[in-house]
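The structure under discussion appears below in the form of C-alpha cells.
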Amino acid sequence: MSVSIILEHLLMVVAAVFCSILVGLPLGIASYFFTRVRRIILFVADVLQTVPSLALLGIIMIFVGAGKTTVIIGITLYSLLPIVRNTYLGLSEVDPGVKEAARGMGMSRFYRLMHVELPLAFPIIFTGIRIATVNAIGTVVFAASVGGGGLGAIIYKGIRVMNMKWIAFGTLSLMAMAIVFDIAMGGIETRLNRKFSGPSN
Amino acid sequence: MEYLTKMIDLYGESLLRNIGIHLLYVFASVSIGFVLGLTLGILLYRSEKYAKIILPVLSVFNTIPGIVFIGILFLYLGMKPATVIIALSIYAMFPVLKNTFVGLTNVERRYIEAARGCGMNNRQILFRVELPLAIPTIIGGLRMATIYTVSWSVLAAMIGLGGLGEFIYQGININRNDIILLGAIPAAVLAIALGLLIDVLQRKVTPRGIRKELNRR
Amino acid sequence: MIQFEHVVKKYGDATVLDDISFTIEPGQFAVLIGPSGCGKTTTLKTINRLIEPDDGTVRIDGDDISEVNRVQLRRRIGYVIQQIGLFPNMTVAQNITVVPKLLKYSKEDCDKIVHDMLEMVDMPYDQYAHKYPSEMSGGQQQRIGVLRALAASPPIVLMDEPFGALDPMTRSALQDEILHLQKKLKKTIVFVTHDMEEALNLADVIIFMENGKITQMAPPEEMLKNPANESVKNFLGKHIAVDDPSTLTAADFLRTNVVTVDSKKSLRTCTAQMMRSNVDSLIVTDENDKYIGTVSVEDIKSVSGDDLRVADVLKNDRETFRVDDDAKRCFDKLLSTKDNYVIVLKHDDTVAGIITKTSIAKALAERLWG
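Quick note, the sequences are listed as chains S, B and F, same order. Residue numbering for the first sequence follows the working numbering, starting at 1 and increasing by one per position. Residue numbering for the second sequence follows the working numbering, starting at 1001 and increasing by one per position. Residue numbering for the third sequence follows the working numbering, starting at 2001 and increasing by one per position.
Here is the structure:
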C-alpha cells in the first residue's frame, strides 16, 4: 500500500488513453470525411463501450494473457467512443462560414483539416479526452481481476479480508484521482473555449 | 461438436440460471434507480438552490467505483441479493438523475413562457411541456444506467451472488478460457441487446413533433 | 377594460416602470411602442402577471388582478410571443386546444374550436390540424400561435412583438389578418412592437414609452399631427415627411426585398425557397430576370409529378404596374382584389418590388396628416 500502486494505476490510465487518442483521432476524422464508414465506426465504438468491462477484459485476456497489456488494450477500446464521437462532432460543428472561407482561399483538403478544422474542433475533442480519462480511472479498477494490479487490487484484497483501511485507501485515491483530472482538464477546456470564442463572449 | 454437447450438458442449466439472475439484478436495480433518479432529477430542477450544492456532491460520489459500494455493503449486510440490488440501484440512479436534470434545464424558455401565458400551473407545465420535451435525454440516461448495471452486475459474483460474472471469475481462477467466454459473451450480448432495446424505446416514446430535431442532432 | 394605476417595477436600482397610469377601453387595439428597454414588454407582462409590479394596481374590468389567481387569470387572457412557442411535442390541433383543455371544455367543443379557428385563417383542417410545428413555415406557425391565444375566446389578447421574426411579406399578411380578426371578434388587444409602421397600421391607440414612462398616448393620426417630443418625432421619422400626393408614384411605396424564383427551377426547389423565406407565393422570373408571373403554394399543391418545373404551374393573370405609375392606381387595384400585394416592374420588365396594404396605410397617413 503505497504511492507506487497509485502510479501503477495512473500509468495504465495514461497509456490506455494515449493509445485511444492514437486510434480514435484518425477514426473520428474518417467518420467526418466518409459518411459511409461513419455509421460503422460509431456503431462499433458504441458496442465496445457497451460490453461489460470485465467481460471485455476477460475476452482480451484469452488472447494476450493476464497482465497490464490486457488492461491497456481493453481500456483503449473502452475509451474509443468519447474520443471518436467528439472528434467527429467537433469537426462537423466548425462554423460553415469558416470552412467555406478556407476553401475559398484555395487551401488543400489536408491543409484545411490541419490548420483550420482540427484546431477549431480541438476544444470539443479535448472534452472527449477528458471524459475518456475520467472513465478510464474508474474502469482500470477491473485490472485487478486480470492480473494488472493497480488500485483495484488493493480494494479487492480489502474486501476479501475485510480490511476497511485498504478499501478506504483505494477508494479515496481513486476518487481524488478522478476529481483532480476532471477539474484540471475541465479548467483547460474552459480556457480553450474562451480562446476560441473571442472577446465577444 | 462433442465438446459443445459436453459443455451444454455441464453448464447449460447454470448458464440459463445465471442469465436469469443477471437480468433480475439489472431489471430490479434499473427500475428502482430510474424511479429514484427521475424523481430526484425533477425535484432538483425545481429547486435550483439545492441543485447547485447537491449535483457536484453527487458527481463526486459517482467517482466511487461500483465494486466499493458492493464491497462495503457486503461487509455490513452480508451475502444477500439485496446487497447487490441496493448498490446497483444507487449506481443506476446517477445517470438518470443527471440526464433528467439536464433534459429539463435544456427545455427552451419560450415554451415555458408560452405555457405559463396559457395559464398552466407548474404541475401542468411539467407534465405537458417540460417532461415530454426532455424525454429523449431522460431515456438516454436510462440507457446508460442499464448498460452500466449490466456491467457492474458482473461483480455480484465476486461476493458469491451469481450472475454471469460467476463464469468469468471462475474461468480466470482455474485458467479456463472457455469458461471465461461462457460468461463474457452472454454478458456482452445482453448489454448490446438491452442497449438496442432502449434505442427502440426511445424512438417510440419521443413525441413525434420533436423526432426530426432529434435525428438532426 | 384594462387600467394601470401608478404601477412601478424596479430591478435592483433600475426603474423599469416609473409610475405608469393609463386605461385601455374594451375592444381597443392598443400598441405599446418605444426604444428597447423602455418598459413596453414589462408593461405587457404585468397584465397577465408574468411580472408582478412592486407598487400600484392593475385592474381588468375593475378587478385588481393581484387578487385573482394567477393561473386562472392567464387562462382568460390570450398571449402571443415573438418566439412563437408552439409546443413542438403537440400537433396544431393540440396546440390550439391547450387553453380550452385547461378549462375542461368537452372534446366536441375542442374539436369545433379547432375547425372554426383554422377556417378563420384559411388553413384547411384536413391539411393542417395534425401537422407538427416543425413541419410548417414560420408564418404558418405564428398563425397557429395567434389561434392558440384566441381559442378559449378570451376578451383580452396580449401580443409581444408577434411578427418581429417574420419576413416583410408574411408580416404584412399577418397584420392584415389580425386586424380582420379583431374587427370580427371585438377583442381588446395589447400589442408590443418597435416598428412604427406596424403601430400606425394596426393601432386604435398608440402608447409611446421611454425610460419606463409614457411619453404620449394617442390615436395614430393625433400622434402624427402632434408628436409630444423629439424622440416620438424621431420614431415617426419618415412617416411625417411631407410629400405632394399628386406626385407619388409606385416607386415611393416599394418593398424591394422580394423573393423571386427562376421559371426553370423544379417545383421542389421552389417549395424549399418558400419554406426558407416563410412566404406563400413567389414571383417568377425568366433567365434574364424579367417578370413572367407568380406561383403560389396552392398552385403547386394542385399538381403532382416530380419533373414539373415552375414554368408549368405559374400564373400570369395579375395586372402589373410600372415604377412611375400613379401610386393611387396601385392602391385601388390592391383594395379591389383579394391579393395581398401588387407587383411593380421596372421599364426593362425586371421586378422592382411589391406594394402591400401596409404601404397604403402609410400613404394615407402621409396624405392626410403629413
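Note that the Cβ used here is the ideal one computed from N, Cα and C, for glycine as well.
query	result
Simplified DSSP assignment, three categories, for residue 1001 of chain B	coil
Partner residues on chain F for residue 1133 of chain B, Cβ-Cβ distance less than 9 Å	2087, 2088 and 2089
For residue 2082 of chain F, three-class secondary structure by DSSP	coil
Three-state secondary structure assigned by DSSP to residue 2187 of chain F	coil
Rounded separation between residue 1171 of chain B and residue 1007 of chain B - CA only	14 Å
Local conformation of residue 2010 of chain F per DSSP, three classes	strand
Cβ neighbour criterion (16 or more within 10 Å) applied to residue 203 of chain S	Past the boundaries of the shown model lies residue 203 of chain S; chain S is included only from 1 to 201, so the question cannot be answered.
Contact set between residue 1129 of chain B and chain F, taken where Cβ atoms lie within less than 7 Å	2087
Local conformation of residue 2158 of chain F per DSSP, three classes	strand
9 Å Cβ cut-off: residues of chain S touching residue 1072 of chain B	159, 164, 167 and 171
Distance, residue 1053 of chain B Cα to residue 53 of chain S Cα	31 Å
Outcome for residue 2045 of chain F when other beta-carbon atoms lying within 10 angstroms are tallied against a minimum of 16	buried
Through-space distance from residue 164 of chain S to residue 76 of chain S, alpha-carbon basis	31 Å
Proximity to residue 1016 of chain B [Cα-Cα], best of B:1192, B:1202, B:1166 and B:1173	B:1166
Reference residue 189 of chain S; option with closest CA among S:124, S:155 and S:138	S:124
Buried/exposed call for residue 85 of chain S, threshold 16 Cβ in 10 Å	buried
Local Cβ density within 10 Å of residue 1030 of chain B, reported as buried at 16 or more and exposed below that	buried
Residue 2119 of chain F versus residue 1114 of chain B: straight-line alpha-carbon distance, rounded	23 Å
Meets three-Cβ-pair contact criterion under 8 Å: the segment 1146–1156 of chain B and the segment 26–45 of chain S	no
Collapsed DSSP secondary structure at residue 157 of chain S in the structure displayed	helix
Residues sharing a beta bridge with residue 2003 of chain F, DSSP	F:2023 and F:2059
Cβ contact check for the segment 177–186 of chain S and the segment 130–144 of chain S: 3 or more pairs under 8 Å	yes
Exposed unless 16 or more other CB atoms sit within 10 angstroms - verdict on residue 1136 of chain B	buried
At least 3 beta-carbon pairs within less than 8 Å: the segment 83–97 of chain S vs the segment 49–66 of chain S	no
Beta-carbon spacing of residue 2344 of chain F, residue 2254 of chain F below 8 Å	yes
Beta carbon proximity, residue 185 of chain S to chain B, threshold 8 Å	no
Any chain S beta carbon closer than 8 Å to residue 1060 of chain B	yes
CA-to-CA distance, residue 114 of chain S to residue 94 of chain S, given in whole angstroms	13 Å
Near-chain B residues of the segment 2056–2086 of chain F - C-beta to any C-beta below 9 Å	2070, 2071, 2072, 2073, 2074, 2075, 2076, 2077, 2078, 2079, 2080, 2081, 2082, 2083, 2084, 2085 and 2086
Residue 62 of chain S: contacting residues in chain B (beta-carbon distance under 8 Å)	1177, 1180 and 1181
8 Å Cβ cutoff met for residue 59 of chain S and residue 1193 of chain B	no
Of the listed residues S:173, S:179 and S:194, nearest to residue 8 of chain S (C-alpha basis)	S:173
Assumed close pair residue 2263 of chain F, residue 2297 of chain F - CB separation to whole angstroms, cut-off 8 Å	Rounded, the Cβ-Cβ distance is 17 Å, inconsistent with contact.
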